[in-house]
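Listed in order, the protein sequences are those of chains A and B. With my numbering as the guide, the letters of the first sequence map in order to residues 1 to 97. With my numbering as the guide, the letters of the second sequence map in order to residues 1 to 309. By construction, the Cβ of each residue, glycine as well, lies at the ideal position given by its N, Cα and C atoms. All figures in this text were calculated on a predicted structure; none of them were measured in a lab. Data block below; observations after.
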Amino acid sequence: MSNTDTQGELWEVFIQSKPGQSFKHAGAIHAFDREMAIENARDTYTRRGEGSGLWVVRSKDIVSVTPNEEGYFFDPSNDKVYRNPTFYEMPEGVKHM
Amino acid sequence: MKTSLISQEELLLEFEKKINAEQKIEPLDWMPDEYRNHLIRQMSQHAHSEVIGMQPEGNWITRAPSLRSKKILLAKIQDEGGHGLYLYSAAETLGVSRDQFIQWLHEGKAKYASVFNYPTLTWADMGAIGWLVDGAAITNQVSLQRTSYGPYSRAMVRICKEESFHQRQGYEIMWKMMEGTKDQQEMAQDALNRWWWPALMMFGPHDSDSPRTSNAMKWKIKRETNDNLRQKFINKTIPQAELIGLKIPDSNLVKLSDENYQTSDINWDEFWKVVNGNGPCNEQRLAHHIKYHNEGAWVRESASLSNPK
Chain A
1 MSNTDTQGEL
11 WEVFIQSKPG
21 QSFKHAGAIH
31 AFDREMAIEN
41 ARDTYTRRGE
51 GSGLWVVRSK
61 DIVSVTPNEE
71 GYFFDPSNDK
81 VYRNPTFYEM
91 PEGVKHM
Chain B
1 MKTSLISQEE
11 LLLEFEKKIN
21 AEQKIEPLDW
31 MPDEYRNHLI
41 RQMSQHAHSE
51 VIGMQPEGNW
61 ITRAPSLRSK
71 KILLAKIQDE
81 GGHGLYLYSA
91 AETLGVSRDQ
101 FIQWLHEGKA
111 KYASVFNYPT
121 LTWADMGAIG
131 WLVDGAAITN
141 QVSLQRTSYG
151 PYSRAMVRIC
161 KEESFHQRQG
171 YEIMWKMMEG
181 TKDQQEMAQD
191 ALNRWWWPAL
201 MMFGPHDSDS
211 PRTSNAMKWK
221 IKRETNDNLR
231 QKFINKTIPQ
241 AELIGLKIPD
251 SNLVKLSDEN
261 YQTSDINWDE
271 FWKVVNGNGP
281 CNEQRLAHHI
291 KYHNEGAWVR
301 ESASLSNPK
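Written out as structure tokens, the structure is:
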């Protein structure tokens, strides 16, 4: 991802739509510092009461898995089906389980 | 990294398999250059249109007929600026900087919607733009919500949520004028007469004359063809005009069946003339953008000096 020369750094914006819910990625904005970033995020992404919470983070600080690694990166969890409740056998008629 | 061991052909197959399975392509995924370049062109044109589109409406802020209409117009124009920002940031995920996008606009290498090269002569034009221009844009954007590029699709979902206010406020202006004096009715009709054809032109050339349509459809950047989208817009807009007593400026208009109309063909000479830079306001719109961009340079410069990376 590129940074621009004159328009400040790129920041990713995350919105929490209601208290208690997860923050969700909304898009990005440009800003020169933290204060400008959170204000630009507010003006750009929450003009209609979309948010009860707002996070901004410099795009360059986000660590992600590259698509080519996806397969083996998530591999360790694929062979542990016993982590899912449906793995277990239950006697006929058991309730509240 | 695995990448170096996989051939281009295999990568393309994987890519097309994803597209066919209706999976979104994300910024770090491999994509053909042609796909990336098509998106860079289409998304930046879309972003520029939102921003240049603020000018014809900005023309009427100081002359809005009431405080209510002035507040609404300000909010609408702010939304358009916001839509430009959603789209620029989505387009930047393709690896092009915002400065570069703006430079291409200023050099005339990137285009914006030609419809904004027409002047806004009366207050009724605010009605016609919201109702017709935003209405046509919504028709296109609803379809683009299903585009195959993830960031573009998500920006479209967000924009569509906001656009329906734009169309309704425009239609309300037209309706109120049609309920008003004879002069007001004539003013509304005049605005429709001037904006009807430019609005239909917004969908672009006929599919048969649109050289880039086929790959864009195959890779699901576009989900519907220009002509299909235009017909959808025509069919839903004509009854809206009739409901408030406006007459579509097309003497050859035929009602084929319920909600299915046939219009005259568009004046394609005019279309290409405006696309190629010779519309009534092309020079003015670009000159305005360049002027204010340059006048803001010192702000960007001093902000970056006081906040070194």
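(message) Less than 7 angstroms between C-beta atoms, sequence neighbours within five positions excluded: which residues of the same chain meet that for D207 (chain B)?
(response) T213, T225, N226 and D227
For G82 (chain B), return the contacting residues in chain A, with the cut-off set at a CB-CB distance below 9 angstroms.
Against chain A, the beta carbon of G82 (chain B) has neighbours under 9 angstroms at D43, T44, Y45 and R47, listed in chain order.
Worksheet item: Quick one: what does DSSP say L54 (chain A) is sitting in, helix, strand or coil?
Response: Residue state for L54 (chain A) is assigned as strand, using DSSP reduced to three classes.
Measuring straight from C-alpha to C-alpha, what distance separates H83 (chain B) and D183 (chain B)?
Distance between the alpha carbons of H83 (chain B) and D183 (chain B) is about 35 angstroms.
Please compile the residues from chain B whose C-beta is within a distance smaller than 8 angstroms of the C-beta of D5 (chain A).
S97 and D99
Would you mind telling me which residues of chain B sit closer than 8 angstroms to L10 (chain A), beta carbon to beta carbon, in chain order? S89 and E92
| query | If we count the other Cβ atoms within 10 Å of its Cβ and call it buried at 16 or more, is H25 (chain A) buried or exposed? | reply | exposed
Quiz item: Mapping DSSP to helix, strand and coil, what is S257 (chain B)?
Solution: strand
Closest residue to R48 (chain A) among B:R63, B:M31, B:D79 and B:Y35 (Cα-Cα distance):
The candidate whose alpha carbon is nearest that of R48 (chain A) is B:D79.
Give a yes or no on whether the minimum CB-CB distance between G51 (chain A) and chain B is below 9 angstroms. Interface criterion not met: the Cβ of G51 (chain A) is under 9 angstroms from no Cβ in chain B.
L10 (chain A): first and last residue of the uninterrupted beta strand (DSSP E) it sits in: E9 to Q16
task: Could you tell me which of B:R98, B:G180, B:K109 and B:G150 sits nearest to E22 (chain B), measuring between CA atoms?
output: B:G150
Legend entry - H25 (chain A), enclosing beta strand (DSSP E) - first and last residue: F23 to A31
Check your understanding: Which runs of the beta strand (DSSP E) fall wholly inside the region 99–183 of chain B and span at least 3 residues, in chain order?
Key -> none
*Counting along the chain, where does the alpha helix (DSSP H) carrying Y35 (chain B) start and finish?*
D33 to I52
*Of the listed residues A:E89, A:T46, A:G20 and A:S17, nearest to I29 (chain A) (C-alpha basis)*: A:T46
Please name the residue in B:L132, B:S44 and B:W60 whose C-alpha comes closest to that of R98 (chain B). When only C-alpha atoms are compared, the closest one is B:S44.
- Selection from A:S52, A:F14, A:R58 and A:F32 that minimises the alpha carbon distance to R300 (chain B): A:F32
Inter-residue Cα distance where the pair is F74 (chain A) and Q240 (chain B): 53 angstroms
On the three-state DSSP scale, how would you describe I238 (chain B)?
-> helix
Check your understanding: Is I266 (chain B) helix, strand or coil when you go by DSSP?
Key -> DSSP places I266 (chain B) outside both helix and strand once states are collapsed to three, so it counts as coil.
When DSSP labels each residue in this structure, what does I62 (chain A) get in the three-state scheme? coil
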